[in-house]
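Just below is one structure, and these are the notes that go with it.
4 protein chains.
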Amino acid sequence: MSNTFGTLFRITTFGESHGPGIGVVIDGCPAGLAVEVADIQAALDRRRPGQSDLTTPRKEADQVEVLSGIFQGYTTGTPIGLFIRNQDQASHDYSHIEHAYRPSHADYTYDQKYGRRDYRGGGRSSARETAARVAAGAVAQKLLEQHGIQVSSYVSQVGAVQVPVGYEALDLNLIESNPVRCPHPETAERMAELIRQTRDRHDTVGGVVTGVAKGVPVGLGEPVFDRLHAELGHAMLSINAVKGFEYGSGFSGVLLFGSEHNDEFYRDEADQVRTRTNHSGGIQGGISNGQDIYFRVAFKPVATILQPQKTLNNQGEEITLAGKGRHDPCVLPRAVPIVDAMTNLVLADMLLRARSNKA
Amino acid sequence: MSNTFGTLFRITTFGESHGPGIGVVIDGCPAGLAVEVADIQAALDRRRPGQSDLTTPRKEADQVEVLSGIFQGYTTGTPIGLFIRNQDQASHDYSHIEHAYRPSHADYTYDQKYGRRDYRGGGRSSARETAARVAAGAVAQKLLEQHGIQVSSYVSQVGAVQVPVGYEALDLNLIESNPVRCPHPETAERMAELIRQTRDRHDTVGGVVTGVAKGVPVGLGEPVFDRLHAELGHAMLSINAVKGFEYGSGFSGVLLFGSEHNDEFYRDEADQVRTRTNHSGGIQGGISNGQDIYFRVAFKPVATILQPQKTLNNQGEEITLAGKGRHDPCVLPRAVPIVDAMTNLVLADMLLRARSNKA
Amino acid sequence: MSNTFGTLFRITTFGESHGPGIGVVIDGCPAGLAVEVADIQAALDRRRPGQSDLTTPRKEADQVEVLSGIFQGYTTGTPIGLFIRNQDQASHDYSHIEHAYRPSHADYTYDQKYGRRDYRGGGRSSARETAARVAAGAVAQKLLEQHGIQVSSYVSQVGAVQVPVGYEALDLNLIESNPVRCPHPETAERMAELIRQTRDRHDTVGGVVTGVAKGVPVGLGEPVFDRLHAELGHAMLSINAVKGFEYGSGFSGVLLFGSEHNDEFYRDEADQVRTRTNHSGGIQGGISNGQDIYFRVAFKPVATILQPQKTLNNQGEEITLAGKGRHDPCVLPRAVPIVDAMTNLVLADMLLRARSNKA
Amino acid sequence: MSNTFGTLFRITTFGESHGPGIGVVIDGCPAGLAVEVADIQAALDRRRPGQSDLTTPRKEADQVEVLSGIFQGYTTGTPIGLFIRNQDQASHDYSHIEHAYRPSHADYTYDQKYGRRDYRGGGRSSARETAARVAAGAVAQKLLEQHGIQVSSYVSQVGAVQVPVGYEALDLNLIESNPVRCPHPETAERMAELIRQTRDRHDTVGGVVTGVAKGVPVGLGEPVFDRLHAELGHAMLSINAVKGFEYGSGFSGVLLFGSEHNDEFYRDEADQVRTRTNHSGGIQGGISNGQDIYFRVAFKPVATILQPQKTLNNQGEEITLAGKGRHDPCVLPRAVPIVDAMTNLVLADMLLRARSNKA
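Chains as they are written, first to last, in the working numbering: chain A, 104 to 462; chain B, 104 to 462; chain C, 104 to 462; chain D, 104 to 462.
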């Protein structure tokens with residue numbers, strides 16, 4: 104098990120979907136950051152289930168309690184403990200999956216690896232664990248704000264419905280203007296429509312979240328192994344249901360020749376060093392170069408579908424299983440604050456690590 | 104700087120392109136593995152420059168010296184030091200890039216981050232560093248062989264030229280049958296042709312390496328942060344020129360509905376638990392499920408092109424720069440052993456980590 | 104801040120003396136250990152204040168809540184969250200030390216390092232943090248029991264009052280037979296008397312805890328830096344008020360010549376390899392050799408004394424300060440379960456790490 | 104195996120006593136430090152065998168080669184590889200210990216743990232490994248010099264011969280004035296005499312090194328687990344033959360009452376916060392307080408003695424064994440540069456870690 108992420112700004116998460124709750128300890132957050140419980144709660148509210156008809160109706164207030172590390176409104180340099188009690192966990196019956204291996208879930212692999220598992224709601228493998236990340240990400244964001252860094256993620260694709268333009272052509276202030284969290288209103292409506300249709304067919308659909316970080320100073324990223332994009336990729340691939348990560352030109356950069364792909368340096372009117380194009384996605388040699396950082400994260404369709412599926416139980420017997428209860432037909436809208444949080448965490452860690460660059 | 108990769112099977116690399124050489128220390132390799140220098144040398148020979156007319160003619164014998172950790176043909180559990188002296192480093196003039204920031208290279212970011220850099224041949228940011236990874240990967244492979252794991256990577260795309268079928272339809276024994284390292288001979292020829300045309304135009308071209316691991320036992324991968332695919336993604340994104348990583352259905356999985364994407368479990372004739380499809384790419388909940396693991400890694404076109412480009416020098420002055428010397432028009436063929444090595448290293452680490460699963 | 108200890112069996116503690124509580128997350132505990140809340144509570148009860156007239160009368164029930172990681176009585180391989188709410192924290196007035204730097208406390212150094220601190224009861228620097236370690240140590244002990252390892256610490260010295268014989272001559276079952284936790288009843292009484300006299304003089308007194316681990320298998324310890332005794336030393340020196348650590352012959356071994364100090368190997372009646380003497384303290388080359396491990400830990404007298412002392416406040420002004428409230432005149436009796444816990448944690452970690460010794 | 108030490112200023116050592124050589128990779132050294140090969144060589148020359156008639160006559164030039172990370176006289180922020188070739192390794196016959204378990208050596212434990220070992224000269228368990236630490240420590244010292252920190256260790260005890268005064272009463276400039284490295288000339292002579300007598304009796308003798316660090320700024324040390332003294336203790340206990348560590352008042356502090364032991368704060372003439380006594384050894388709450396740091400390290404007598412001893416071989420048979428070749432009758436004089444080096448490394452690491460204290 105590895106439930107710690109980060110080198111200097113480090114989080115350790117714990118908790119299961121249907122145990123007492125979900126928590127996180129942040130170790131290494133510098134002292135002197137002004138952090139209010141309300142800041143953390145606001146981030147959690149964006150991830151909370153039941154926000155619109157596009158997400159699961161599971162009811163969780165997701166009230167965060169600060170257990171340590173914040174005193175009189177400021178971080179003290181000591182570990183910050185945050186805990187979110189589960190409320191809705193007792194009311195459902197999970198006996199139908201106690202012995203079943205749900206297709207494309209983690210039931211089989213956890214059982215094989217550990218010999219036992221908390222099967223209720225997926226236990227530790229549930230995406231409910233990401234609530235802890237979102238809470239921690241809200242603290243990291245406070246450090247980023249001090250450095251003028253702004254992270255904005257949005258839904259850029261649901262199934263085959265795609266935003267037709269790049270992030271530079273969008274008004275990222277519109278992300279929260281609709282329940283899909285897509286800043287291209289027209290596309291957002293088509294996405295919402297697809298999600299509703301999918302839900303009504305008792306099916307699920309995947310998509311892509313695009314992440315953007317503006318104002319990142321030059322110099323973040325730790326070659327050769329902890330290049331900035333390698334840490335971002337690791338962070339994103341650690342989120343439930345993620346199948347791919349690309350930054351800058353990504354997979355489509357393969358189609359360009361070097362003479363097309365290279366980003367020429369120039370000085371702008373303010374005498375700042377900039378690049379004319381940004382196929383590099385703001386990162387060169389694994390280190391931020393001061394341009395916008397952008398990347399894309401692929402989410403598969405949620406594995407829990409309300410249709411009968413054939414599978415095996417833990418005796419190796421073939422069974423037919425249908426999802427019960429309340430599930431997201433599409434996780435993309437709720438994935439946005441998670442991508443934000445993980446981006447915040449990586450950048451906060453890299454800000455601290457960069458303090459050792461020079462003697 | 105972070106030059107260490109892995110948790111229990113850990114490598115630390117060092118060395119610059121034009122310094123004394125490139126090295127690696129492997130810490131945590133279990134005792135009792137039979138390792139010959141020839142095994143390591145064979146891996147290095149696959150990565151070595153000058154293998155065919157598709158790669159750089161830079162001449163490096165890449166002879167490895169074992170500095171420690173192997174005694175009488177076996178690993179002893181002590182750290183294994185490997186060193187590859189640079190031979191060709193003194194003969195060239197790099198003064199034209201001493202003060203220049205080559206487009207899409209790491210010159211600018213290293214200079215800003217560290218205040219100074221070894222500019223000769225890119226110094227530490229050169230892909231020559233990957234020789235150390237390949238050497239270490241050959242040792243990791245010995246551990247994998249003990250467990251019946253086999254890693255095979257190949258070039259599946261160069262520019263727009265793609266292998267038209269999935270890895271399951273290919274004979275992976277053909278990878279070494281041509282200098283492109285593409286096991287689909289017909290496509291390999293078209294790729295070679297594209298690389299030669301690109302080289303003759305003094306340009307460069309990117310591509311995709313597909314990685315495949317067969318025989319991986321159930322249970323590798325450490326949720327929640329070190330999911331097997333997150334470690335693989337981190338490893339691949341730490342390789343020079345990589346822009347994206349996807350596994351299983353990857354970005355194209357976004358287009359499927361949950362009912363199409365889910366992999367149903369069944370028992371095969373040998374009474375083994377298997378899945379009918381493998382959109383999961385052999386990994387569920389971040390843990391290997393015993394099916395084939397497969398993934399794709401996007402490489403951008405090499406940044407060094409033998410054409411004049413506009414850029415800045417470290418005084419902020421606009422200059423025109425053209426690559427000199429001997430460079431790869433396409434790194435894909437030489438990237439294959441690097442992807443193999445990083446896959447070996449991740450799997451070896453995960454094999455050791457999985458030893459703590461159960462009491 | 105570094106609030107994580109251990110490599111594979113890792114704990115992260117959090118919480119302040121007078122905040123909501125003290126907690127710990129154990130990451131890496133193998134699945135399948137039978138752990139009852141009562142096991143953890145029993146360990147905490149040994150460390151709890153107010154056990155006898157020799158310790159602080161602060162009232163803390165120290166009730167532990169399991170937040171995650173244990174399901175149906177067994178560990179699941181997921182992180183184990185434990186939390187102990189503070190009960191007695193609100194009732195006292197700490198304004199007299201808000202701006203004062205108590206002599207030989209951490210007030211000054213925390214203030215300088217972090218720019219602010221939770222001054223109530225010492226905040227994070229309070230020994231109350233060790234409750235979290237004791238809770239975690241009780242879980243580690245379950246793993247040790249599986250391997251037949253038994254850890255027993257006891258008070259071997261208070262001030263100048265010393266147990267006159269070595270651990271081998273003692274019945275370690277008597278440790279809990281008196282409130283001092285000294286298995287030599289006669290000496291225990293003299294220690295108790297010294298502690299009471301010291302308390303009545305409003306002073307404090309230090310001492311030594313001797314730790315013993317029996318049944319440790321050959322092979323634990325990870326040279327060259329994580330030698331078993333180096334990890335034990337690190338663990339002990341991380342406990343509040345500890346000033347020194349020695350193992351085996353320790354500082355007194357300096358007085359022996361090599362010909363006297365060396366431990367000759369022989370085979371005993373049961374054909375086991377043993378040593379005739381054990382100046383090595385059960386560890387050779389940093390690795391356990393199967394003999395008893397024993398070590399000594401020096402604790403300074405508690406810094407809080409109920410006498411007026413001259414010191415400075417955070418304005419640099421000279422002030423006179425006297426301890427208030429309820430404090431331990433001697434921490435030694437309550438230090439015993441903490442030394443036990445840290446020993447358990449080190450050995451559990453080393454047991455897991457040793458699983459990677461051989462291929 | 105754990106051959107890495109440090110968190111941000113990290114070293115990884117490799118190499119065996121009679122293999123090709125001993126090396127180290129320093130990762131995390133900030134860029135911009137002026138480092139000459141001569142600086143490193145000077146430190147190695149202090150540790151080198153054969154310096155006087157008090158040490159082993161083994162002949163090793165211990166010439167260091169810089170493999171990477173230093174360019175044009177400055178560190179570049181990339182990993183620094185250093186290598187020292189063994190010269191004297193081939194000339195001796197070690198067949199007498201190939202199958203023998205030397206008393207109080209690591210032969211038995213290495214064999215049991217790893218199943219095999221390089222037996223020549225102790226292989227990895229030889230103190231020759233510390234050459235790598237000394238080389239790395241010389242680089243760390245460059246960082247300390249920038250911050251005005253000065254580390255001075257000396258031999259304060261050999262057998263029963265002790266320096267009669269504390270470090271404050273000594274002129275530490277005299278450390279190098281005699282081959283014992285004891286700055287109290289009279290005692291140094293008595294120590295030298297004892298060492299020669301011991302050597303002539305074919306025996307060995309232990310002793311104590313006292314370490315002193317002056318000029319350490321307030322704020323180094325990372326509670327709760329990586330307290331400054333816990334890291335120092337870990338570092339010292341990782342050196343061959345070390346049996347104990349104490350700092351400040353150490354084990355003798357146990358004999359003081361709190362009212363005697365506490366260090367009162369005051370302002371000196373220069374308006375600096377100071378303490379009137381320094382039983383704390385310059386560290387409070389695990390964090391440096393600006394006063395001198397001092398500690399003591401106990402070394403056992405060297406295990407190799409040139410006298411016959413009874414022991415076992417790897418078949419479990421009783422044999423008689425006598426040390427052959429050239430060995431130190433007392434390691435203390437050569438231990439001084441090793442204690443210096445480990446102190447430098449801990450302080451350099453803590454300097455970098457302290458950069459994250461505040462937002």
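Cβ atoms here follow ideal geometry from the backbone N, Cα and C, with glycine treated the same way.
The beta-carbon distance between D/Thr-179 and B/Tyr-217, rounded to whole angstroms, is 6 angstroms. This is short enough to meet the 8 angstroms contact definition. Under the 8 angstroms Cβ criterion, the segment 234-252 of chain C counts as touching the segment 131-150 of chain C, having at least three qualifying pairs. Residue burial annotation: C/Val-268 is exposed, with fewer than 16 other C-beta atoms found within 10 angstroms of its C-beta. The alpha carbon of D/Thr-107 has as its nearest neighbour, out of D/Pro-160, D/Phe-360, D/Ala-239 and D/Pro-411, the alpha carbon of D/Ala-239. Residue burial annotation: A/Ala-462 is buried, with at least 16 other C-beta atoms found within 10 angstroms of its C-beta. Separation of B/Cys-433 and C/Leu-111 (C-alpha to C-alpha, rounded to the nearest whole angstrom) is 42 angstroms. For A/Glu-325, the pairing in a beta bridge is given by DSSP as A/Asp-329.
DSSP places A/Glu-201 within a helical segment (H, G or I) once states are collapsed to three.
Using beta-carbon distances, A/Pro-133 counts as an interface residue toward chain D, with a partner under 8 angstroms. Secondary structure note for C/Val-449: it is in no beta strand (DSSP E), and the uninterrupted alpha helix (DSSP H) holding it is 435-456. Only residues of its own chain outside the window of five on either side were considered, and among them Val-128, Leu-170 and Ser-171 have a CB closer than 6 angstroms to the CB of B/Gly-184, listed in chain order. At least one CB atom of chain C sits nearer than 8 angstroms to the CB of A/Glu-119.
If you compare the alpha carbons of A/Lys-403, A/Arg-150 and A/Thr-159 with that of A/Asp-165, the shortest gap goes to A/Arg-150. Distance from D/Tyr-369 to C/Glu-168 at the Cβ level is roughly 45 angstroms; contact not present, criterion being Cβ atoms closer than 8 angstroms.
Per the DSSP secondary-structure output, C/Asn-416 pairs in a beta bridge with C/Ala-203. DSSP, reduced to helix, strand and coil, places B/Thr-212 within a helical segment of the structure shown. Residues of chain D whose Cβ lies closer than 7 angstroms to the Cβ of A/Arg-458 are, in chain order, Arg-458 and Ser-459. Straight across, the Cα-Cα distance linking B/Leu-450 with D/Gly-314 is about 44 angstroms. Interface with chain D (8 angstroms Cβ-Cβ cutoff): A/Leu-323 is excluded. The Cβ atoms of D/Val-327 and C/Thr-116 lie closer than 8 angstroms to each other. Each residue's CA atom was taken as its position, placing B/Gly-388 and B/Asp-329 some 11 angstroms apart. At a cut-off of 8 angstroms between C-beta atoms, A/Met-294 does not count as an interface residue with respect to chain B. Contact between C/Ala-457 and C/Leu-297 does not hold, since the beta-carbon distance rounds to 42 angstroms and is not under 8 angstroms. For A/Gln-253, the enclosing beta strand (DSSP E) has its first and last residue at 253-261. B/His-287 and B/Tyr-257 have their C-alpha atoms roughly 10 angstroms apart. At least one beta carbon of chain C lies nearer than 8 angstroms to the beta carbon of B/Ala-462. Not flagged as an interface residue toward chain A: B/Pro-411, since no C-beta distance is shorter than 8 angstroms.
For D/Tyr-177, the closest Cβ of chain B is nearer than 8 angstroms. The beta carbon of C/Ile-278 lies closer than 6 angstroms to those of Tyr-257, Arg-284 and Pro-286 in the same chain, with the five residues before and after it left out.
C/Ser-105 is positioned such that its CB atom lies no closer than 8 angstroms to that of C/Gly-225.
DSSP, reduced to helix, strand and coil, places C/Leu-185 within a strand of the structure shown. Note on geometry: alpha-carbon atoms of A/Ala-295 and B/Gly-356 lie some 19 angstroms from one another. In this chain, B/Leu-247 is not harboured by any beta strand (DSSP E); it is covered by the alpha helix (DSSP H) spanning 233-249.
Distances from the alpha-carbon of B/Ile-114 to those of B/Leu-409, B/Phe-186, B/Val-376 and B/Val-261 put B/Phe-186 closest.
Excluding the 5 residues flanking it on each side, C/Ile-200 has same chain C-beta neighbours closer than 6 angstroms at Tyr-222, in chain order.
In terms of CA proximity to B/His-364, A/Gly-310 leads the group A/Gly-176, A/Gly-310, A/Gly-118 and A/Gly-428.
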